[in-house]
Amino acid sequence: MARIVGGIGTTHVPAIGNAIAKGLQNDPYWQPFFGGFGKAHEWLRQVRPDVVVVLYNDHGLNFFLDKMPTFAIGAAKEYQHADEGWGLPVAQPYPGDPAFSWHLIEQLVENEFDVTICQEMLVDHAFTIPHALLWPEPNARPVRTIPISINTVQHPLPSPARCFKFGQAIGRAIESYDADVNVLVLGTGGLSHQLDGERAGFINKDFDLMCLDKLVSDPQALARYSSLQIVEAAGSQGVELLNWIAMRGALTGAVSKVHGNYHIPISNTASALLVLDNQPAEQFRKAG
Ligand code: DHB
Ligand code: FE
Numbered sequence: 007m008a009r010i011v012g013g014i015g016t017t018h019v020p021a022i023g024n025a026i027a028k029g030l031q032n033d034p035y036w037q038p039f040f041g042g043f044g045k046a047h048e049w050l051r052q053v054r055p056d057v058v059v060v061l062y063n064d065h066g067l068n069f070f071l072d073k074m075p076t077f078a079i080g081a082a083k084e085y086q087h088a089d090e091g092w093g094l095p096v097a098q099p100y101p102g103d104p105a106f107s108w109h110l111i112e113q114l115v116e117n118e119f120d121v122t123i124c125q126e127m128l129v130d131h132a133f134t135i136p137h138a139l140l141w142p143e144p145n146a147r148p149v150r151t152i153p154i155s156i157n158t159v160q161h162p163l164p165s166p167a168r169c170f171k172f173g174q175a176i177g178r179a180i181e182s183y184d185a186d187v188n189v190l191v192l193g194t195g196g197l198s199h200q201l202d203g204e205r206a207g208f209i210n211k212d213f214d215l216m217c218l219d220k221l222v223s224d225p226q227a228l229a230r231y232s233s234l235q236i237v238e239a240a241g242s243q244g245v246e247l248l249n250w251i252a253m254r255g256a257l258t259g260a261v262s263k264v265h266g267n268y269h270i271p272i273s274n275t276a277s278a279l280l281v282l283d284n285q286p287a288e289q290f291r292k293a294g
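With this note's numbering, the residue at position 38 of the sequence shown is 44, and numbering never jumps.
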């Protein structure tokens, strides 16, 4: 059966992609951010994921305000990136895993998550930047990908409790897939930031650090907020935290923190990285 090896949460700021394109990783502005990824690379070499399920939000490339699914999942052979207007180089396509996608879709619908099914799906910076951070060799495609988008853009947004339950349903669906594959769950975006309006530039370090702590040990505490309370505490784009909450929901076993990094600011955003190991429940019971 498929095994969930762990979860990673990371920021997806477009400027990171431009820094990569220009080779600025060791520049004094960027080093505290990129320097955080060495331990994530080391852990990925140990756990060797075959497939990454990416929980992210689309910013207007594939979905726009006229049609915005709350939850959507890709079922394509490959996923294309396109010019989003951030000046980013357009990335080579990412290989999908349609059979695995359809298994997840069937399980999610069976479990009352009526996801929008996308047999074509353009993936934006919220998908491509984390991929480039975790697998930095140019055009590296060492994992198959399953994109799952959560609406963090057009209100009303799903609640943190709903996103946590969505993640739990994804986790159960992954573990019921009859294939010998290692799966990484990736949640992207955040942490606190607001790009426009009166509070443009808003960052809330105390709230972010509390979230990073609760994501490890007590994710249900975050599920007690409403989405609007998260907007208030973390900024109107800080609510991308919903993707991280769903990622944590998918980790069904014994979860421990491998590594974390927090650095302010990257562009307008409090940047963060969290690497979580997941020991599958059965193994956990044996160990206990
Ligand atoms: C920025 C952050 C984001 O999450 C995003 O999607 C776009 C821009 C920023 O801080 O510049
Ligand atoms: Fe974003």
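Just so you know, even glycine gets a beta-carbon here, dropped at the ideal spot from N, CA and C. These numbers come from a predicted model, not from an experiment.
Check                                                                                                              : Outcome
Residue 275 and residue 243 closer than 9 Å at C-beta                                                              : yes
Buried/exposed call for residue 182, threshold 16 Cβ in 10 Å                                                       : exposed
Length of the line joining the Cα atoms of residue 23 and residue 271                                              : 16 Å
Straight-line gap, residue 56 to residue 14 (C-alpha atoms, nearest Å)                                             : 15 Å
Three-way DSSP call (helix, strand, coil) for residue 95 in this model                                             : coil
Bridge partners - residue 78, DSSP secondary structure assignment                                                  : 122 and 155
Unbroken alpha helix (DSSP H) run spanning residue 167, endpoints                                                  : 166–181
Near the ligand FE: residue 116 beta-carbon under 8 Å from a heavy atom                                            : no
Classification of residue 20 by the beta-carbon crowding that lies within 10 angstroms, buried from 16 upward      : buried
Whole-Å CB distance - residue 81 paired with residue 135, under 8 Å assumed                                        : The Cβ separation is near 23 Å, so there is no contact.
Boundaries (first-last residue) of the beta strand (DSSP E) holding residue 285                                    : 275–285
Bridge-paired residues (DSSP) for residue 2                                                                        : Because the chain here runs from 7 to 294, residue 2 falls outside it and cannot be looked at.
Closest residue to residue 261 among 286, 163 and 192 (Cα-Cα distance)                                             : 286
Buried/exposed call for residue 204, threshold 16 Cβ in 10 Å                                                       : exposed
For residue 191, the nearest candidate out of 132, 73, 227 and 173 (CA to CA)                                      : 173
Check: residue 47 C-beta below 8 Å from any heavy atom of the ligand FE                                            : no
Start-to-end residues for the alpha helix (DSSP H) that takes in residue 23                                        : 20–27
For the ligand FE, residues whose Cβ lies under 6 Å from any non-hydrogen atom                                     : 18, 65, 132, 195, 243 and 246
Outcome for residue 294 when other beta-carbon atoms lying within 10 angstroms are tallied against a minimum of 16 : With a pLDDT of 41 at residue 294, under the threshold of 50, the modelled position of this residue cannot be trusted, and the question is left open.
heavy atom of the ligand DHB below 8 Å from residue 206 C-beta                                                     : no
Secondary structure of residue 101, DSSP reduced to three states                                                   : strand
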